[in-house]
Structures are given as structure tokens and as C-alpha cells.
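Enquirer: Just so we're aligned, residue 203 is where the sequence shown starts under my numbering, counting upward by one.
Glycine included, every Cβ here is placed at the ideal spot set by N, Cα and C.
From a predicted model like this one, the values you see are computed outputs, not experimental measurements.
Structure provided below as C-alpha cells; questions to follow.
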Amino acid sequence: TNLRVTPVYIICQGHDGYFQSPPDVDSSIDSACSRIAVGAKLIQSLTAEKLFECGVGRKTFQLEHEVNHKKPECIVFRSNLNVNKARKMRQADLWSHFGRELMLSDLGSNERKFLGFISCTRFKGTDIDKPMTHDEIVCLTEAYAALGGGGLALFGTACLYTWPTTTKDVIPKFLDSTPVNTRRFMDDSGYRGTLGGCFATTLGSVFHELGHTFDLGHTKDGIMGRGFDNIDRVFLVGDRRSSLTKDNMNNYNGKPVQHSTVSLQRNISVTMNVAEPLRVLGPRSKTTLGNFASLSKSDIIRRSPNITPIQRPS
């Protein structure tokens, strides 16, 4: 099959492509693409393992570079949207704009589900010392997105600096208990306040929104519910490995249980209330997003997505 997930790093007009990060972190375009590529592979592997647990074998989606070996693991996409305008737009409008741009570009194809990351996401900073709710943090973040449906799952990059650039760094990144500098950087850690928490929550969020592009609706728990915050427990053994003890044979004693909280359920009618831009991206529609080219500009602009994102606790 030629069906595939296509990771893209979206750089707006007037932006240099460097994502927000501490000064000691490489935030270059190459670094961003490496982090996105590792994240996509983790989600691909996790999908296979969860389906294996369900008894259907290790089946998963293909990534772009596996279908077309000439393509990089993450494609750099240059958007015509000005960076200053993007930073003033709501996430639903960003989703709609980039979805149209991608499908009307050379990459446009009904065989692709796009996994997009916006380079210009920026946490504006705060002098507030008291803890903030997630909604308050989002209000201080420009070009923020965590939205998926149809043919596009779209994300901001405010926490991309917490992601690994290589697979050998995955576990250390999950275990990183360094506190987030909440005055300068977005804390999207599920109220854990650590860099490892940010990596876990944002990677889980990417998996969650990508699930919406596969027509998965919200569930009570698991990855399509609030379980995505704990995606790190699938990769780590036990809550705290340091609490385990070794015997004289170097075997760990205790309860190093694989805490897998992820479940995939096909429950389309729960919260996937979508408008026409999403429907034309969907696999069941006879109309394709490529047909936007045959619509008038006013028709395209009038249509806005009605997407129900995951609600985070205040």
C-alpha cells in the first residue's frame, strides 16, 4: 500500500525555522526534524505493540520515507503564511490553513496523513509565580496547536526541545526530572512540572491527535482519553526504577511492571463532530481535499473546521 503518515516541519514566511528552546539546546531545522522523526517512530512502534496486545498482530502505519526512500524522515514545508499572522491565529484556523496549503502543494495526496509541527510556536513568558492552569498557559503561547482530524494532525513546538534527537536518548528524556523554567518556557507536562513530563505529555498528545486522523474518537481512558499523559509508562519499567533493589545475581526485586495505559478503540461517534474541511479529508468521503482547487476561494474560506480537541483539566 502507498498509504502513509508524512511528518512535516512547517516553517512560516519570515521565520528562520528555529524552534523555541533554552540557549544550550540545538533548535535548528535539522534538530527539529530529528526530534520529530524519533517521535513518529515511537508512535509507529507503540501502535504495533498495542495492536499486538489486542491479538491482531504487530500492524502499524507506514511513514513517508518507508514508502518513498528519496524522501527524508521529516519533510521541511515552507508555508506562505506570515509568521506574525500565524502567531495571532487560533489553532483551528491554523489547522484549516495548513491543511489547505499542504493538500494544494506538491505533497497533496489522499494517500497521506500529515503529521505537522509549527516551527514558530512561542511561549511569551510570564512573571507570575503562582501555578497556572493549562488554559492559562496556552493563552500565553503563540501559534499553539494540538489538533487532529481528517488528513492532518497539527502541533506546536513549544516543548519540542524536551524531545530526544536519537533513540538512545528516549529513556533519559522520559526520566528527566529537571524542572521546567515556567517563566520562559511552556509547561505542558500534565502538571508534573518536569522536562520528562513535557516529553511524555506532548508525545502522547501527538499520538492522540494522530488517532483522530484515523477516525478514532475519544474514549474514557487510554491514549484517546487522558491516558496519553502517561505514555512514558509504556516505555519505562515500574514507577521508579531507583526504588527497586538488586540481588547478588544483578536481578531486580520489586514490581517492575509494564504500566501500559494505552488502548485503541474504534469509536467514531463519540466526539468527532467535524465540518466539511475535515470530511473531505476523510477516507469515507467521495470528495477529496484535492478538489479544493475546483472551489472558489470564498467557498474555501467560509468553511471552517468544527473540531473537538481533548479537554485538559483546569
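What would DSSP say about GLN264, mapped onto helix, strand or coil?
Expert: If DSSP states are grouped into helix, strand and coil, GLN264 belongs with coil.
Enquirer: For the candidate residues LYS332, GLU303, LEU304, ALA345, whose alpha-carbon lies nearest to that of CYS322?
Expert: That would be ALA345, whose Cα lies nearest to the Cα of CYS322.
Enquirer: Just to confirm before moving on: does the CB-CB distance between PHE430 and GLY406 stay below 7 Å?
Expert: Yes, Cβ-Cβ distance for PHE430 and GLY406 is below 7 Å.
Enquirer: Touch check for the stretch 251-268 and the stretch 396-411: three-plus C-beta pairs under 8 Å?
Expert: Because the criterion of three Cβ pairs below 8 Å is not met, the stretch 251-268 and the stretch 396-411 do not touch.
Enquirer: Confirm, please, whether the CB-CB distance from VAL269 to ARG206 is below 7 Å.
Expert: Yes, the pair counts as a contact, with Cβ atoms nearer than the cut-off.
Enquirer: Compare the C-alpha of THR384 against each of ASP337, PRO333, TRP365 and name the closest.
Expert: Of ASP337, PRO333, TRP365, the residue nearest in Cα terms is PRO333.
Enquirer: Report the three-state DSSP secondary structure of PRO209 (helix, strand or coil).
Expert: In the structure shown, PRO209 sits in a strand (DSSP, three-state: E or B).
Enquirer: Do the stretch 213-231 and the stretch 334-342 make contact, defined as three or more Cβ pairs closer than 8 Å?
Expert: With a cut-off of 8 Å, the stretch 334-342 and the stretch 213-231 do not count as touching, because too few Cβ pairs lie within range.
Enquirer: GLY350 and HIS420: beta carbons closer than 7 Å?
Expert: No. Outside cutoff.
Enquirer: Just tell me which of ASN432, VAL408, ASP423 has its CA closest to the CA of GLN246.
Expert: Ranking ASN432, VAL408, ASP423 by Cα distance to GLN246 puts VAL408 first.
Enquirer: Leaving out the 5 sequence neighbours to the left and right, which residues in its chain are closer than 7 Å to ILE212 when beta-carbon positions are compared?
Expert: Excluding residues within five positions, the ones whose Cβ falls inside 7 Å are PHE279, SER281, PHE300, GLY318, PHE319, ILE320, SER321.
Enquirer: Quick check: the Cα distance between PHE164 and ARG292, rounded to an integer number of angstroms?
Expert: Outside the displayed range of the chain (203 to 516) lies residue 164, so it cannot be described from this structure.
Enquirer: Please list, in chain order, all residues of the same chain as GLY241 whose beta carbon is under 7 Å from its beta carbon, the five residues on each side excluded.
Expert: Only TRP365, LEU405, VAL408 meet the Cβ criterion.
Enquirer: Using CA atoms only, rank isn't needed, just tell me which of LEU306, ARG237, TYR363, GLU411 is closest to PRO224.
Expert: Nearest C-alpha to PRO224: TYR363.
Enquirer: Where does CYS256 sit, in a helix, a strand or coil, going by DSSP?
Expert: CYS256: coil per DSSP, three-state reduction.
Enquirer: Nearest by alpha-carbon distance to THR203: which of LYS326, THR367, ASN312, ALA360 is it?
Expert: Among LYS326, THR367, ASN312, ALA360, the Cα nearest to that of THR203 is on ASN312.
Enquirer: Figure out for me which residue from GLY219, LEU244, LEU248 has the closest Cα to the Cα of ALA234.
Expert: Per the Cα distances, GLY219.
Enquirer: In three-state terms, what does DSSP make of GLN246?
Expert: DSSP places GLN246 in helix when its eight states are reduced to three.
Enquirer: Taking buried to mean at least 16 other C-beta atoms within 10 Å of its own C-beta, is GLY392 buried or exposed?
Expert: Classification of GLY392: buried, given that the 10 Å Cβ count is 16 or more.
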